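Peer 1: I have a structure I would like to understand better, so I am pasting it below and will then ask my questions one at a time.
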Amino acid sequence: MKKINLIIALLFSAITYSQMINYTSVRLEEGQDKDYLELESFWSKIHEQAIKDGLEMAWMIWEVIPIEGDENAANQPDYLIMNFYKDSVQQNNQVNFYELGRSVYSKMSKKKFDKKWEDGPYGTRNSYQLMRLDNTEWIFGNPEIGMEAQLNAFKKTDDNYEQYEIEFYKKWHDKGILNGSRKWWEFNRVLSSSENANKEITHVTMDIRGRDIPEEEAEKAWGTPTFTDRMMWNNGFSTREIINQVNLKLVMYRF
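Numbering (our numbering), first residue to last: 1170 to 1424.
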């Protein structure tokens, strides 16, 4: 339990190192969801062992829920896999997952294991390699299955964009943590992506919402924005372009 709490603290805490994350989007054929989730349940034990062996920090599966009215909803992936690494050294370790899987399922026959391994469904996949630049502090205990988040993919249009997010917008996200309207915010830079991935995406944020702030509490919760604040908000918006936005629901994880 102490080790799990330490990993959560490292994942959801102030950044003291360049945490690396791999995103893998998964698009399935109609009717494959049940088999896919069974496959990921099979893989979950392998990732659990990989985490114990220090090969990765954490693994998460999120269901992608297109936002209502999204004209691109039909083209969104069905699931998003996140693999977390403490740094680029851990991320770049060569891991033989097949051999690791055989050791985890040592009582399963090779024939049965190979069938599970090969049959999938794995869907159509695109991958992104990201580096965490900043985040708020997580103070809400263990993540819960069914927890919802919003993923925002941006294209940087100005070299000052990262400074706006880290030095200005984050202070408002921190206020949201304190008043309960927000549980989490993170800011990531895309380092590379697979051949068919969206090459416009340069940065990604993820938000987990908290409670709605009643109108009568708004001033106390947020304070009164200054002229400088209002100008920073307006100017900051011009440093980025929204490329995609989806809601996520947590369906599986291992720490």
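Ideal placement from N, C-alpha and C gives every residue a C-beta, glycine not left out.
Every value quoted in this text rests on a predicted model; they were computed, and no experiment measured them.
Does DSSP put V1258 in a helix, in a strand, or in coil?
Peer 2: Working through the sequence shown from its first residue, we reach residue 1258 at position 89. Three-state result, V1258: helix.
Peer 1: I'd like to know whether the C-beta atoms of E1355 and N1304 end up nearer to each other than 7 angstroms.
Peer 2: Numbered from its first residue, the sequence shown carries residue 1355 at position 186. Numbered from its first residue, the sequence shown carries residue 1304 at position 135. In contact: E1355 and N1304 (Cβ atoms closer than 7 angstroms).
Peer 1: Beta carbon of M1300, beta carbon of L1208: below 7 angstroms?
Peer 2: Against the sequence shown, residue 1300 aligns to sequence position 131. Against the sequence shown, residue 1208 aligns to sequence position 39. Contact: no.
Peer 1: Excluding the five sequence neighbours on either side, which residues of its own chain have a C-beta within less than 6 angstroms of the C-beta of H1216, listed in chain order?
Peer 2: By one-based count along the sequence shown, residue 1216 stands at place 47. Hits under 6 angstroms: W1228, R1423.
Peer 1: Decide if Y1254 is buried, meaning its Cβ has at least 16 other Cβ atoms within 10 Å, or exposed.
Peer 2: Residue numbering aside, residue 1254 sits at position 85 when the sequence shown is read from its first letter. Under this definition Y1254 is a buried residue.
Peer 1: List the DSSP bridge partners of Q1319.
Peer 2: Here residue 1319 corresponds to residue number 150 of the sequence shown, with the count starting at 1. DSSP output for Q1319 lists D1376, N1416 as bridge partner(s).
Peer 1: Just to confirm my understanding: we take K1171, look at its own chain, exclude 5 residues before and 5 after, and list those with CB closer than 6 angstroms. What are they?
Peer 2: The residue labelled residue 1171 in the question sits at position 2 within the sequence shown. Low confidence applies here, because K1171 scores a pLDDT of 47, under 50, leaving its location unreliable; read the following figure in that light. Answer for K1171: no residue qualifies.
Peer 1: Would you mind working out which of M1316, Q1332, A1366, P1383 sits nearest K1352, comparing C-alpha positions?
Peer 2: For this step, residue 1352 is matched to residue 183 along the sequence shown. Closest option to K1352, Cα to Cα, is M1316.
Peer 1: Looking only at its chain, what residues have a beta carbon closer than 7 angstroms to the beta carbon of E1199, apart from the 5 residues adjacent to it on each side?
Peer 2: Your numbering for residue 1199 matches position 30 in the sequence shown. Contacts found: none.
Peer 1: Are three or more beta carbon pairs between the segment 1307–1314 and the segment 1412–1420 nearer than 8 angstroms?
Peer 2: Contact between the segment 1307–1314 and the segment 1412–1420 is present, because at least three Cβ pairs lie under 8 angstroms.
Peer 1: Looking at the unbroken alpha helix (DSSP H) that takes in V1273, where does it start and where does it end?
Peer 2: Stepping through the sequence shown from its first residue, residue 1273 is reached at position 104. Taken as a continuous stretch (DSSP letters only), the alpha helix (DSSP H) holding V1273 covers 1266–1273.
Peer 1: Could you tell me whether the segment 1397–1404 touches the segment 1217–1226, where touching means 3 or more Cβ pairs closer than 8 angstroms?
Peer 2: Touching, no.
Peer 1: Enumerate, from N- to C-terminal direction, the unbroken alpha helix (DSSP H) stretches of 4 or more residues contained entirely within the segment 1345–1411.
Peer 2: 1387–1391, 1396–1406, all fully within the segment 1345–1411.
Peer 1: So what does DSSP say about K1276, is it helix, strand or coil?
Peer 2: As a working mapping, residue 1276 is identified with position 107 in the sequence shown. It is coil, neither helix nor strand.
Peer 1: For F1309, which residues of its own chain have a beta-carbon under 7 angstroms away from its beta-carbon, when the five flanking residues on both sides are left out?
Peer 2: In the sequence shown, residue 1309 corresponds to position 140, counting from 1. Result list for F1309: K1352, in chain order.
Peer 1: Put N1241 into one of helix, strand or coil per three-state DSSP.
Peer 2: Position 72 of the sequence shown, counted from the first residue, corresponds to residue 1241. It is coil, neither helix nor strand.
Peer 1: Indicate whether Q1414 and N1321 have their beta-carbon atoms separated by less than 7 angstroms.
Peer 2: Locating residue 1414 in the sequence shown gives position 245, counting from the first residue. Locating residue 1321 in the sequence shown gives position 152, counting from the first residue. It is a contact, given that the beta carbons lie within the stated cut-off.
Peer 1: Considering W1231, what are the terminal residues of the beta strand (DSSP E) in which it resides?
Peer 2: Looking up residue 1231 in the sequence shown gives position 62. Its beta strand (DSSP E) spans residues 1227–1235.
Peer 1: Which residue from Q1201, N1357, S1350, Q1319 puts its Cα closest to that of N1191?
Peer 2: For the purposes of this step, residue 1191 is identified with residue 22 of the sequence shown, where counting begins at 1. Nearest of Q1201, N1357, S1350, Q1319 to N1191, Cα basis: N1357.
Peer 1: Reducing DSSP to helix, strand and coil, say where L1208 ends up.
Peer 2: One-based indexing of the sequence shown puts residue 1208 at position 39. The answer is helix: DSSP assigns L1208 an H, G or I state.
Peer 1: Would you decide whether D1343 is buried or exposed? Buried here means 16 or more other CB atoms lie within 10 Å of its CB.
Peer 2: Sequence index remark: in the sequence shown, residue 1343 carries index 174 (1-based). Its Cβ having fewer than 16 others within 10 Å, D1343 is exposed.
Peer 1: Does DSSP put I1250 in a helix, in a strand, or in coil?
Peer 2: As a position in the sequence shown, residue 1250 is number 81, starting the count at 1. Looking at I1250 - three-state DSSP - the assignment turns out to be strand.
Peer 1: Would K1279 be called buried (16 or more neighbouring beta carbons within 10 Å of its own) or exposed?
Peer 2: As a first step, residue 1279 must be located in the sequence shown, where it is residue number 110. So K1279 ends up on the exposed side.
Peer 1: Under three-state DSSP, which class holds S1187?
Peer 2: What you label residue 1187 is simply residue 18 of the sequence shown in a count that begins at 1. DSSP places S1187 in coil when its eight states are reduced to three.
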